[in-house]
Amino acid sequence: MDGLNERPIKTVLLIESDAIEAHLFGEMFSREGPYSFALTCVECMADGETYLAGHSTDVVLLDLDCSGASGMEAVQRTHAAARGASIVLLSSQKDEAIAMRAMEGGVQDYLIKGQIEPRELMQVMSKSVARKMMNATLLNENNRAQVTLDSIGDAVICTDEGGNITFLNPTAERMTGSSMKEAAGRPLAESFRIMDASTGETASNPTTNTIEPGRSSHLPVNCILTRRDGHQIFIEDSVATIHDVNGMEAGSVLVFRDVSAARALSKKITHLAEHDALTGLPNRLLLTDRLAQAIARAGRKTSLIAVLFLDLDGFKRINDSLGHSAGDNLLKSVAKRLQGCIRAQDTVSRQGGDEFVVLLQDVQHIEFAAVMARRILNELAAPHSIRGHELHVTASIGISVYPSDGQEAETLIMNADTAMYQVKKSGRQNFRFHTRDGRSGDGAAIHGGRPAAYPGLA
Numbered sequence: 065m066d067g068l069n070e071r072p073i074k075t076v077l078l079i080e081s082d083a084i085e086a087h088l089f090g091e092m093f094s095r096e097g098p099y100s101f102a103l104t105c106v107e108c109m110a111d112g113e114t115y116l117a118g119h120s121t122d123v124v125l126l127d128l129d130c131s132g133a134s135g136m137e138a139v140q141r142t143h144a145a146a147r148g149a150s151i152v153l154l155s156s157q158k159d160e161a162i163a164m165r166a167m168e169g170g171v172q173d174y175l176i177k178g179q180i181e182p183r184e185l186m187q188v189m190s191k192s193v194a195r196k197m198m199n200a201t202l203l204n205e206n207n208r209a210q211v212t213l214d215s216i217g218d219a220v221i222c223t224d225e226g227g228n229i230t231f232l233n234p235t236a237e238r239m240t241g242s243s244m245k246e247a248a249g250r251p252l253a254e255s256f257r258i259m260d261a262s263t264g265e266t267a268s269n270p271t272t273n274t275i276e277p278g279r280s281s282h283l284p285v286n287c288i289l290t291r292r293d294g295h296q297i298f299i300e301d302s303v304a305t306i307h308d309v310n311g312m313e314a315g316s317v318l319v320f321r322d323v324s325a326a327r328a329l330s331k332k333i334t335h336l337a338e339h340d341a342l343t344g345l346p347n348r349l350l351l352t353d354r355l356a357q358a359i360a361r362a363g364r365k366t367s368l369i370a371v372l373f374l375d376l377d378g379f380k381r382i383n384d385s386l387g388h389s390a391g392d393n394l395l396k397s398v399a400k401r402l403q404g405c406i407r408a409q410d411t412v413s414r415q416g417g418d419e420f421v422v423l424l425q426d427v428q429h430i431e432f433a434a435v436m437a438r439r440i441l442n443e444l445a446a447p448h449s450i451r452g453h454e455l456h457v458t459a460s461i462g463i464s465v466y467p468s469d470g471q472e473a474e475t476l477i478m479n480a481d482t483a484m485y486q487v488k489k490s491g492r493q494n495f496r497f498h499t500r501d502g503r504s505g506d507g508a509a510i511h512g513g514r515p516a517a518y519p520g521l522a
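Note that my numbering numbers the sequence shown so that position 2 is 66, with each residue one more than the last.
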């Protein structure tokens with residue numbers, strides 16, 4: 065403020081109809097010493113407007129009773145003509161109410177004629193210029209802030225100390241479905257309706273939390289904003305408290321963004337990383353993770369886990385004779401039938417090529433693995449209709465069981481794979497259980513038989 069006061073006044077325009085009054089003002093300036101600014105006097109509003117149209121002026125001394133206009137009309141016309149100048153009114157006592165009203169509209173100050181001291185006049189003029197400059201600076205800063213808030217991609221909502229909305233930028237209006245006009249002065253919760261996607265419960269008002277100056281807080285990771293039209297979007301946000309000059313809380317500012325597309329993309333990338341691109345089944349990575357989790361649960365519940373490693377018989381012949389497209393469609397058909405055989409808690413995984421693994425969790429009796437193997441063999445043996453062709457395919461299945469055939473996921477898969485190769489060597493379209501000595505117990509063929517290595521199946 066002090067720096068602004070030091071700016072010298074270069075030009076002053078006096079709009080005064082009374083020639084005697086105009087002469088008195090000239091003498092006042094002279095009594096304060098040789099003034100450094102150029103003083104121009106005009107007798108009516110029209111002359112003042114003409115002068116201002118062609119000259120830059122620092123201060124306009126305006127007589128409210130000037131010729132050609134009076135009162136608020138004179139003020140309004142001067143404002144329009146002297147946009148960059150400070151306006152100081154010269155008012156009679158009877159017009160003081162008008163002068164005070166004019167100050168609310170942007171006039172910098174006023175003086176009562178007949179009560180003006182020369183030093184006071186110079187001080188009022190100097191301060192009016194400083195005030196004008198400060199207001200212009202603040203206006204520029206506010207305009208710059210407004211443009212910034214209106215143009216950024218993030219949504220911004222401000223509230224007062226009572227939690228009522230004082231500002232929404234255009235992005236916030238679009239995301240909440242509430243306009244600034246509708247939301248202003250209303251509680252935040254009416255426009256900013258949020259819930260925790262993990263629990264489905266309404267999230268607490270973020271502005272009610274006490275936040276230290278200079279710090280911010282955040283909403284839950286899975287936060288959903290519900291628009292007025294019911295559409296829901298995932299958001300991320302930060303909340304900061306606004307403090308006044310005394311350090312007291314004066315409101316809050318919320319900055320948030322729509323992360324629905326980013327979450328969807330992340331979910332898609334994760335899915336692609338864990339699933340087979342052709343069949344959509346879990347791949348080796350996801351199967352290994354699910355098997356490790358199943359082993360941890362089985363250890364606590366003392367239940368069994370069965371791993372069925374399956375390889376198609378004769379798939380290469382079909383793939384070579386009918387082409388890769390027919391082979392791919394056959395693999396999709398096999399995947400669909402395998403999924404139709406299992407329970408909700410089980411997993412079918414494609415390992416690659418024509419190899420699949422079935423994970424059976426919470427197995428109470430080992431006979432269940434044999435029952436599932438027979439079901440799979442029967443389902444896959446039925447004809448597959450692929451592009452007008454009836455294709456016939458069978459499978460060989462090796463079975464390993466936790467905990468007897470391994471304590472880790474990789475070991476169980478490897479042992480089931482070994483048992484499957486024993487089936488391939490002994491005739492195919494059958495299943496076998498893995499045995500510890502490296503041989504595979506005689507599997508239960510689709511016509512009967514029991515693996516003698518496992519008591520309780522005989």
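We put the beta carbon where it would ideally sit given N, CA and C, even for glycine. Values in this document were obtained by computation on a predicted structure and should not be read as measured data.
Note to self: Considering only DSSP beta bridges, list what M259 is partnered with.
What the structure shows: T266, I288
Check: What is the DSSP secondary structure of V171, counted as helix, strand or coil?
Finding: coil
Check: Nearest-angstrom Cα distance between A370 and T352?
Finding: For A370 and T352, the distance between alpha carbons rounds to 13 Å.
Margin query: Quick check for students: name the residue ranges of the alpha helix (DSSP H) that lie wholly in the region 304-389, counting only runs of 4 or more.
Written below: 324-338, 348-365, 379-386
Next item on the list: Determine the extent of the alpha helix (DSSP H) in which E528 is found, giving its start and end residues.
Entry: Any property of residue 528 remains undetermined from this structure, which presents the chain solely from 65 to 522.
Item checked: Identified DSSP bridge partners for V422 -> L372, V412
Check: Given a threshold of 16 other Cβ atoms within 10 Å of its Cβ, counted over all protein chains shown, does G363 qualify as buried or as exposed?
Finding: exposed
Next item on the list: Could you say if the region 76-86 and the region 98-109 meet the contact criterion of at least three C-beta pairs nearer than 8 Å?
Entry: yes
Item checked: Reduced DSSP secondary structure (H/G/I, E/B, other) of S156 -> coil
Notebook entry, point to check: Closest by CA to L318, which one among P270, L350, K331, D340?
Noted result: P270
Notebook entry, point to check: Roughly how many angstroms separate the alpha carbons of P72 and M197, rounded to a whole number?
Noted result: 12 Å
Notebook entry, point to check: Under a three-way DSSP split, which group does T114 fall into?
Noted result: helix
Notebook entry, point to check: Any idea if T482 is buried or exposed, counting beta-carbon neighbours within 10 angstroms, 16 or more meaning buried?
Noted result: buried
Note to self: Can you confirm whether R257, when its beta carbon is compared against all beta carbons of chain B, has any partner nearer than 9 Å?
What the structure shows: The question asks about chain B, but that chain is absent: this structure has only one protein chain.
Next item on the list: Determine the burial state of P467: buried for a count of at least 16 other Cβ atoms within 10 Å of its Cβ, exposed for fewer.
Entry: exposed
Next item on the list: Put P234 into one of helix, strand or coil per three-state DSSP.
Entry: helix
Check: In whole angstroms, what separates the C-alpha of E113 from that of A145?
Finding: Each residue's Cα considered, the two are about 6 Å apart.
Margin query: Can you tell me whether I461 is buried or exposed? The criterion is at least 16 other CB atoms within 10 Å of its CB, across all chains shown.
Written below: buried
Item checked: E443 - containing alpha helix (DSSP H), residue span -> 431-445
Margin query: Below 8 Å, how does it come out for the region 392-404 and the region 325-335: are there three or more Cβ pairs, yes or no?
Written below: no
Notebook entry, point to check: Using the rule of at least 16 other Cβ atoms within 10 Å of the residue's Cβ for burial, across every protein chain shown, is R407 buried or exposed?
Noted result: exposed
Note to self: Could you tell me the alpha carbon to alpha carbon distance between A166 and V188, rounded to whole angstroms?
What the structure shows: 16 Å
Note to self: At the level of alpha carbons, what is the spacing between N383 and L355?
What the structure shows: 31 Å
Notebook entry, point to check: At which residues does the beta strand (DSSP E) containing A138 begin and terminate?
Noted result: Here A138 belongs to no beta strand (DSSP E); instead the alpha helix (DSSP H) covers 135-145.
Check: How long is the line joining the alpha carbons of L423 and A459, rounded to whole angstroms?
Finding: 16 Å
Next item on the list: Between the Cα of D218 and those of A161, E300, T290, E137, spot the shortest distance and give me the residue it belongs to.
Entry: Ranking the options by Cα distance to D218, first place goes to E300.
Checklist line | Three-state secondary structure assigned by DSSP to Q187 | finding: Three-state result, Q187: helix.
Margin query: Bridge partners for C222 per DSSP, in chain order?
Written below: F231, V317
Next item on the list: Please classify I176: does DSSP put it in a helix, a strand, or coil?
Entry: Of the three classes helix, strand and coil, the one that applies to I176 here is strand, per DSSP.
Check: Taking just the CA atoms, how far does G470 sit from A358?
Finding: 13 Å
Next item on the list: Just the C-alpha distance for G404 and K245, rounded to the nearest angstrom, thanks.
Entry: 56 Å
Notebook entry, point to check: Three-state secondary structure (DSSP) at Q403?
Noted result: helix
Notebook entry, point to check: Thinking C-alpha only, which one of A314, Q179, T411 is nearest L345?
Noted result: T411
Item checked: Whether D122 touches L154 by CB criterion (9 Å) -> It is not a contact, given that the beta carbons lie outside the stated cut-off.
Margin query: Please report the straight-line C-alpha distance between T290 and E237, rounded to a whole angstrom.
Written below: 13 Å
Next item on the list: Would you tell me roughly how many angstroms separate the C-alpha atoms of D293 and L283, rounded to the nearest one?
Entry: 22 Å
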